[in-house]
Amino acid sequence: MPTITSGNVPPSVAGVDRELDMSAHSAAIEARRLNFFYGEHQVLFDVSLTVPERSVTALIGPSGCGKSTFLRTLNRMNDLIEGSRCQGEILVEGQNIMDPAVDVVLLRKHVGMVFQKSTPFPKSIFDNVAYGPRVAGEKNRAVLADLVESCLKKAALWEEVKDRLTTSAMSLSGGQQQRLCIARTLATNPRIILMDEPASALDPASTDRIENLIGELCANYTIVIVTHNMQQASRVSHQTAFFYKGQMVETGPTMKIFTHPSEKQTEDYITGRFG
Amino acid sequence: MIRPASDRNKAEIAQVKSAGTASAAITSPIVERQNTNANRAVSFISGADRHIRRRLMLSRIFAAVCRFATYSAMAILIVLLVAIVWSSVDRLALDFVTNTNSTNPTRAGILAGVWGSFWLILFTALFSVPVGVGSAVYLEEIAKDSFLVRLIKVNLANLAGVPSIVYGILGYTVFRSSAAALGLLFDGHHVVGMAGLFRIRLSKLPIYEDNILVGALTLTLVILPTVIAASQEALRSVPSSIRVASLALGATRWQTIWRQVIPAALPGISTGVILSTSRAIGEAAPLIMLGALTYTSMCPGSIDSPTKLLTRPSQVLHAPLDQFTAMPIEIYDWSKQPDSRFTAVAASGIVVLLIVLLSINSVAMIVRHYASRRLKW
Ligand SMILES: Nc1ncnc2c1ncn2[C@@H]1O[C@H](COP(=O)(O)OP(=O)(O)O)[C@@H](O)[C@H]1O
Ligand SMILES: [Mg+2]
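One line per chain: the protein sequences are A and B, in this order.
Each residue of the first sequence is one higher than the one before, counting from -11 in my numbering.
Each residue of the second sequence is one higher than the one before, counting from 609 in my numbering.
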């Protein structure tokens, strides 16, 4: 894998303007001094991060440094893990989602998630995309059909599947399945989309499509993406945060992190000296 | 180099052969490797020759023993089946399934037993499916991992191993006495509801203590552990990524269980339920314990044909509270008769019971097929 050095940052995908001044955007997510524990084992230490609205934030760092854990705190998916505990504050559009009064079901509709391994339900393509709206109470067949079409179009999958919406989602290729999962997430009409290494199990062509898709989606959605692929992080993100051993070492505009990181550790990591 | 043993054996044999004939055509990678070290290869080959022959012989013997075990079990089964069918020829005829029991072996039939078993199984399924599937869903999907839950999980396996006669005694002491208490309440004529608000006349409704409901409740106890275990197994085989993905899309836990987990587990659950139910059909011991009738010519609710199920609603309502006999009980009874002509009757009963069991098992297979076809894996 070629390493990135100053002046050797790959061009960004269409739709991601890395020169954009993100300070003008209001914050979609603000994590403040987050500490996270699996039982007695602490995996996040005082992590603070602000994610600007309608932008892409990439989380990079060696595996096991807590990127996925951090991502899961943002829609409280960690609640499912018995014995886990989180301290600190996370404001999603100004509301503290750590508040016990928060309805996680509403939160998860608002903050969607795409997983590393695509996880289509053993149902038809249509039923997969319509699942979110259906559990939210939508029953009107015509409304659902429109929604499914528009979400599949947004996920750049419509042309490939429009003639076989009733076939099993399992019959799709890996890359198509992952785009289906993105379409399924879009169907719940979220404002924020969390992606945990969405392309790490895909071939280069499918990875390309997912990256371009992220470039298109960030005009309307706030995206936080975990990736272990540094080129990918530099291609798709406006802002990059470098995690190391449960700490957020450095965050800043992607161009700056990849060309003039302020921390030695960040530089070592992105130039491939460790990790 | 990791390869299946059989493959490896073949390669080694090939190599042994090629070494023996000093053949020049060498293709096996093992041979190639050894070719670079000729000295070692020779000693290796001469030692291997014996070892391989021994290993091959052992594996052949083992395969033969396994094959013998399978085929002898099959053979015993076939011999039994043939013997039963052979001894049933004296009685097995259409009127065997249309007649009720009789002291005359040429007229004795199994109709009352078939209907008794039908009602028993119907109610056993009605009781055991919701309780069994519900418990499995609770244990697998909802309960936190506590000491009590672990205790229950471990003991379910033990309960499945308890002989059914024990459940018969349990049913006898628990359900029969509560049925007796209920009988006092009903007093055979009317139900006195709360503070006399409801006075429903159920005149001439005979309520026996050893009725279908009590039998079905006891059989439910017998099969419940198996139903729960099969359902748990089916639920466990649903990948957890499906649950996580569903929750991440804003589904509640209940929606996740109902719309994703249970449909995905349904083929396994339904097969487990049907197969456990078919086990209940063959159970005689707990029913005898409960005091099921061994000799009766009466079908529960006097319903002796499927059309009466539709045309006699009051009798249908009456059936669950009626006395009963069941197929295995009648078979047991006939086999105890001193008159040797009853042997053919008992054998015919077994044939009918086996046919019923086989059809239920095929239904299980069909249900499994359709339930998994609706899932789009
Ligand atoms: N469900 C879990 N239970 C206990 N420990 C976990 C769990 N998930 C992750 N961890 C631990 O937390 C740390 C961070 O993991 P993770 O957030 O998955 O890292 P990353 O995504 O950066 O590779 C690791 O040390 C991992 O072993
Ligand atoms: Mg991870």
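Ideal Cβ positions, reconstructed from N, Cα and C, are used throughout, including at glycine.
Residues near residue i by beta carbon distance below 6 Å, same chain, minus five either side
i, result
"D184 of chain A", "S56, L59, F103, Q104 and V214"
"I850 of chain B", "Q868"
"A187 of chain A", "T195 and I198"
"F109 of chain A", "N116"
"Q253 of chain A", "Y232 and V237"
"G234 of chain A", "V31, L32, F33 and G54"
For residue i, three-class secondary structure by DSSP
i, result
"V100 of chain A", "The question names Val, but residue 100 of chain A is Gly in the sequence shown. If DSSP states are grouped into helix, strand and coil, G100 of chain A belongs with the strands."
"E81 of chain A", "coil"
"A229 of chain A", "strand"
"L832 of chain B", "helix"
"P108 of chain A", "coil"
"E137 of chain A", "helix"
"G801 of chain B", "With a pLDDT of 48 at G801 of chain B, under the threshold of 50, the predicted position of this residue should be treated as unreliable, though the coordinate-derived value follows. It is coil, neither helix nor strand."
"E620 of chain B", "Only weak support exists for where E620 of chain B lies, its pLDDT of 47 falling under 50; the coordinates are left without a value."
"G742 of chain B", "helix"
"P121 of chain A", "helix"
"S156 of chain A", "strand"
"C674 of chain B", "helix"
"G163 of chain A", "helix"
"P241 of chain A", "strand"
"P875 of chain B", "helix"
"D703 of chain B", "helix"
"S250 of chain A", "coil"
"K150 of chain A", "coil"
"D698 of chain B", "coil"
"M86 of chain A", "coil"
"R261 of chain A", "coil"
"V693 of chain B", "helix"
"K142 of chain A", "helix"
"N819 of chain B", "coil"
"R807 of chain B", "The predicted model places R807 of chain B with a pLDDT of 47, which falls under 50 and marks its position as unreliable, so this point remains unresolved."
"F113 of chain A", "A quick correction: the sequence has Ile, not Phe, at residue 113 of chain A. Three-state result, I113 of chain A: helix."
"G717 of chain B", "coil"
"S884 of chain B", "helix"
"L756 of chain B", "helix"
One or two residues paired with residue i in a DSSP bridge
i, result
"C169 of chain A", "Answer by DSSP bridge pairing: none, since C169 of chain A is not bridged."
"M183 of chain A", "A:V102 and A:I213"
"Q235 of chain A", "A:Y232"
"Q75 of chain A", "A:N23"
Nearest-angstrom Cβ-Cβ length linking residue i and residue j, presumed shorter than 8 Å
i, j, result
"V705 of chain B", "I692 of chain B", "Rounded, the Cβ-Cβ distance is 16 Å, inconsistent with contact."
"S905 of chain B", "A720 of chain B", "6 Å"
"F731 of chain B", "A838 of chain B", "About 20 Å; that fails the 8 Å criterion."
"Q227 of chain A", "T45 of chain A", "5 Å"
"R172 of chain A", "Y119 of chain A", "6 Å"
"G27 of chain A", "G71 of chain A", "5 Å"
"S43 of chain A", "T247 of chain A", "Not confirmed; about 19 Å, so no contact."
"G890 of chain B", "A842 of chain B", "23 Å between Cβ atoms; not a contact."
"S922 of chain B", "L832 of chain B", "With 8 Å as the limit, S922 of chain B and L832 of chain B do not qualify as a contact, their Cβ atoms being about 31 Å apart."
"V39 of chain A", "A12 of chain A", "Not a contact, Cβ separation roughly 14 Å."
"A873 of chain B", "V846 of chain B", "5 Å"
Other residues of its chain near residue i: CB distance less than 7 Å, five sequence neighbours each side excluded
i, result
"P249 of chain A", "E238, E255 and I258"
"V822 of chain B", "G779, F783, R784, A787 and L898"
"T826 of chain B", "Y775, G776, G779, F783, P894 and L898"
"R64 of chain A", "I85, V92 and L95"
"V971 of chain B", "I882"
"S886 of chain B", "L965, I968 and N969"
"L174 of chain A", "C139, K142 and A143"
"T264 of chain A", "Past the edges of chain A, shown from -11 to 263, lies residue 264 of chain A, and the structure says nothing about it."
"N766 of chain B", "none"
"A207 of chain A", "G3 and R42"
"A672 of chain B", "none"
Residue-level contact to chain D via CB, residue i, 8 Å cutoff
i, result
"V869 of chain B", "Absent here is chain D; the protein component of the structure consists of chains A and B."
Cβ shell of residue i (< 8 Å), same chain only, five flanking positions each side left out
i, result
"S1031 of chain B", "The question about residue 1031 of chain B has no answer here: the residues shown for chain B are numbered 609 through 985."
"E7 of chain A", "M243"
Practice problem: Please list the segments of the alpha helix (DSSP H) lying wholly inside the region 896 to 926 of chain B, counting only runs of 4 or more residues, in order along the chain. | Solution: Unbroken alpha helix (DSSP H) stretches of 4 residues or longer found wholly inside the region 896 to 926 of chain B: 914 to 919 and 921 to 926, given in chain order.
Quiz prompt | Runs of beta strand (DSSP E) wholly within the region -11 to 67 of chain A (minimum 3 residues, chain order) | solution = List check, beta strand (DSSP E) in window: 15 to 26, 29 to 40 and 44 to 48.
Self-check item: Entirely enclosed alpha helix (DSSP H) segments - the region 919 to 983 of chain B, minimum 4 residues
Solution: Here the runs fully enclosed are 921 to 926, 935 to 943 and 950 to 982.
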